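Colleague:
Protein chains in written order, with the working numbering: chain A, 5 to 291; chain B, 9 to 206.
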């Protein structure tokens, strides 16, 4: 009975804590997304390394995207939708940059996150398009050295971002939290919370267990409402589970509500890239 | 046992009510601050214009019509900027006024740029090119800010119309906010496709 109540609690809390929505906008899975197939394999790897090490030393997330065409969309809306959906840049710092090229429309856009608008104002973004990108890859005029163009643009942006952060672009004495560190810290916190609540179970019973389950489940989302709802639901379910258990087992039980609800992890351990939660305001330039 | 259940339910209701109310208030604040952001971006463009006009005048002094057109349109926007963001947040008529003033300024700036581009020396001027980028960037920021303001308004409206918000809102006297329909386009998320090939 105890196990059953616990299982139901876990299930219900997991469901409640689930993130809703699928979205139509595709994910960016890497730092170099060459859907238009304009870069050589070698260039892609080198660019990826440069961008990864830039993130490591400055926490800024600079990403390249090339597409065959934008399906009739205006490049500003296209770039903004992609950048916002990918949440490039770290939450709070908003230091994301999207370098976009649409082949059919033959248009570049550099979308700059809120946090980098000072270092890369619109005029400068426009300059990068003229001086670094179109200088080497301008199909109208016959030049198609996309490897060179993106390499130069990335170098220029890295230099600007690094200066802004006060580090050298290839520095490895990095301080932004890496994903693996974050995970260890999360696990330690979870362990401590569990231990604390375990003791409280014994002292205070089912309701506390429900709260614990709700909090742990709900910590997967940052939404305040979901957290509060989960806590309430956890409390109710925990209390109900206890009543049911008490009714079924004569002599009553003590503190058996609650458990880990929803332990799905939202971030991965691997080196695969994912957005840091940054946001964009519409800054940048195209040309 | 019954007493416990009743207590449990009452606590549940109280907590739901509180969290719901808080959420509505938070969304309300979001709407106000998002309209404030629209005004910020309009101000940014407003401040950019004198420099732009001076630069063009340096090469194309005789184009008096377009300069006065821009100046007039700019002062209309200046009026709209004096509005309180929270008044703007709930008033479709004021929003329309703002949108139209902003749109007129965009149009006259477009004419200014077109005129400027007919002067090759000006067109080649690096400073002018950067100002053009800044102007385009500011127009984009205005559009983005407007889209977000509408989106925030829709979120707020949803919260005071759905259960349980609708009950709490009725009790607290909070109502839907109106918005000027023409801005909706900016708040819609377009369908993006990486793999399309023509």
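Just so you know, even glycine gets a beta-carbon here, dropped at the ideal spot from N, CA and C.
Values in this document were obtained by computation on a predicted structure and should not be read as measured data.
Counting only beta-carbon separations shorter than 7 Å, does residue 80(A) have a partner in chain B?
Modeller: For residue 80(A), the answer is yes, since a Cβ of chain B falls inside 7 Å of its Cβ.
Colleague: Quick check: what's the CA-CA separation for residue 94(B) versus residue 282(A)?
Modeller: Answer to the nearest angstrom: the Cα atoms are 27 Å apart.
Colleague: Report the start-end ranges of each beta strand (DSSP E) in the stretch 24-106 of chain A that is 3 residues or longer and not cut off at the edges.
Modeller: 36-38, 65-71 and 100-106, all fully within the stretch 24-106 of chain A.
Colleague: Nearest to residue 37(A) by alpha carbon, out of 61(A), 58(A) and 71(A)?
Modeller: Nearest C-alpha to residue 37(A): 71(A).
Colleague: Closest by CA to residue 75(B), which one among 89(B), 109(B), 88(B) and 58(B)?
Modeller: Per the Cα distances, 58(B).
Colleague: To the nearest angstrom, report how far apart residue 201(B) and residue 86(A) are at their CA atoms.
Modeller: If you take the alpha carbons of residue 201(B) and residue 86(A), they lie about 10 Å apart.
Colleague: What's the gap between the Cα of residue 125(A) and the Cα of residue 116(A)?
Modeller: Using only the alpha carbons, I get a separation of about 8 Å.
Colleague: Within 7 Å (strictly less), CB to CB, does residue 47(A) reach chain B?
Modeller: Judged by the 7 Å Cβ criterion, residue 47(A) is not in contact with chain B.
Colleague: Starting from residue 111(A), follow the alpha helix (DSSP H) in both directions and report where the run begins and ends.
Modeller: It is not in any alpha helix (DSSP H) - residue 111(A) instead sits in the beta strand (DSSP E) that spans 111-117.
Colleague: Who are residue 284(A)'s beta bridge partners in DSSP?
Modeller: For residue 284(A), which the question treats as bridged, DSSP gives the partners 117(A).
Colleague: Would you decide whether residue 94(A) is buried or exposed? Buried here means 16 or more other CB atoms lie within 10 Å of its CB.
Modeller: It counts as buried.
Colleague: With DSSP collapsed to three states, give me the class of residue 196(B).
Modeller: Residue 196(B): coil per DSSP, three-state reduction.
Colleague: Using a Cβ-Cβ distance under 7 Å, would residue 44(A) count as near chain C?
Modeller: Among the protein chains of the structure shown, namely A and B, there is no chain C.
Colleague: Any beta carbon from chain B within less than 7 Å of residue 277(A)'s own beta carbon?
Modeller: Judged by the 7 Å Cβ criterion, residue 277(A) is not in contact with chain B.
Colleague: How many Å lie between residue 9(B) and residue 36(B) at the Cα?
Modeller: Going by the C-alpha atoms only, they are around 41 Å apart.
Colleague: For the pair the stretch 184-198 of chain B and the stretch 75-84 of chain B, tell me if three or more CB-CB distances fall below 8 Å.
Modeller: No contact exists between the stretch 184-198 of chain B and the stretch 75-84 of chain B.
Colleague: Any heavy atom of the ligand GDP inside 6 Å of the beta-carbon of residue 148(A)?
Modeller: This structure does not include the ligand GDP; it has no bound ligands of any sort.
Colleague: Could you give the distance in angstroms between the alpha-carbon of residue 22(B) and the alpha-carbon of residue 15(B)?
Modeller: Roughly 10 Å between the two C-alpha positions.
Colleague: With 7 Å as the threshold, decide whether the Cβ of residue 85(A) is near any Cβ in chain B.
Modeller: Closer than 7 Å to some Cβ of chain B, the Cβ of residue 85(A) qualifies, so yes.
Colleague: Using a threshold of 7 Å, state whether the C-beta atoms of residue 103(B) and residue 188(B) are closer than that.
Modeller: Against a cut-off of 7 Å, the Cβ pair of residue 188(B) and residue 103(B) comes out as a contact.
Colleague: Taking 7 Å as the limit between beta carbons, can you name the residues of its chain near residue 179(A), skipping five residues before and five after?
Modeller: With a pLDDT of only 45 at residue 179(A), under the threshold of 50, the placement of this residue in the model should not be trusted; the figure read from the coordinates follows. Excluding positions up to five away in sequence, the list is empty.
Colleague: Taking C-beta pairs closer than 7 Å, name the residues in chain B that residue 145(A) reaches, listed in chain order.
Modeller: Within 7 Å Cβ-Cβ: nothing; residue 145(A) doesn't reach chain B, min ~17 Å.
Colleague: Got a sec: is the Cβ-Cβ distance from residue 71(A) to anything in chain B below 7 Å?
Modeller: With 7 Å as the cut-off, residue 71(A) counts as an interface residue toward chain B.
Colleague: Quick one: Cα of residue 26(A) to Cα of residue 107(A), how far?
Modeller: Since pLDDT at residue 26(A) reaches only 42, below the 50 mark, its modelled position is unreliable, and the value read off the structure follows with that caveat. Each residue's Cα considered, the two are about 28 Å apart.
Colleague: In chain B, which residues lie with their C-beta within 7 Å of the C-beta of residue 142(A)?
Modeller: Neighbours of residue 142(A) on chain B: none; closest Cβ ~16 Å, over 7 Å.
Colleague: Against chain B, which members of the stretch 92-116 of chain A pass a CB distance test of less than 8 Å?
Modeller: So the list reads 108, given in the order they occur along the chain.
Colleague: Counting only C-beta atoms, is residue 167(A) closer than 7 Å to chain B at any point?
Modeller: Cβ-Cβ to chain B under 7 Å: no for residue 167(A).
Colleague: Residues of chain A with a CB under 8 Å from the CB of residue 47(B): which are they?
Modeller: Those within 8 Å of residue 47(B) in chain A number zero; the least Cβ separation is about 14 Å.
Colleague: Taking contact to mean 3 or more Cβ pairs, one atom from each stretch, closer than 8 Å, check whether the stretch 148-167 of chain B and the stretch 46-64 of chain A are in contact.
Modeller: The stretch 148-167 of chain B, when compared against the stretch 46-64 of chain A, does not touch it at the 8 Å Cβ threshold.
Colleague: Give me the residue from 287(A), 76(A), 34(A) and 132(A) with the minimum Cα distance to residue 56(A).
Modeller: Checking every option, the nearest Cα to that of residue 56(A) belongs to 34(A).
Colleague: Using alpha carbons as the reference points, say which of 30(B), 42(B) and 24(B) lies closest to residue 158(B).
Modeller: Taking only the C-alpha atoms, the option nearest residue 158(B) is 42(B).
Colleague: So with CB distances below 8 Å, who are the chain A contacts of residue 198(B)?
Modeller: The answer, in chain order, is 77, 81, 82 and 85.
Colleague: Return the CA-CA distance between residue 166(B) and residue 177(B), expressed in angstroms with no decimal places.
Modeller: Whole-angstrom Cα-Cα distance: 11 Å.
Colleague: So residue 129(A) and residue 289(A) are supposed to be a Cβ contact under 8 Å. How far apart are they, rounded?
Modeller: Yes, they are in contact, since the Cβ atoms of residue 129(A) and residue 289(A) sit about 4 Å apart, within 8 Å.
Colleague: Does residue 142(B) have its Cβ less than 7 Å from a Cβ in chain A?
Modeller: Answer yes: the Cβ-Cβ gap between residue 142(B) and chain A drops below 7 Å somewhere.
Colleague: Below 8 Å on the Cβ atoms is my contact criterion, and I expect residue 147(B) with residue 114(B) to pass it. Report the Cβ-Cβ distance as a whole number of Å.
Modeller: Indeed, because the Cβ distance is near 6 Å, the residues count as touching under 8 Å.
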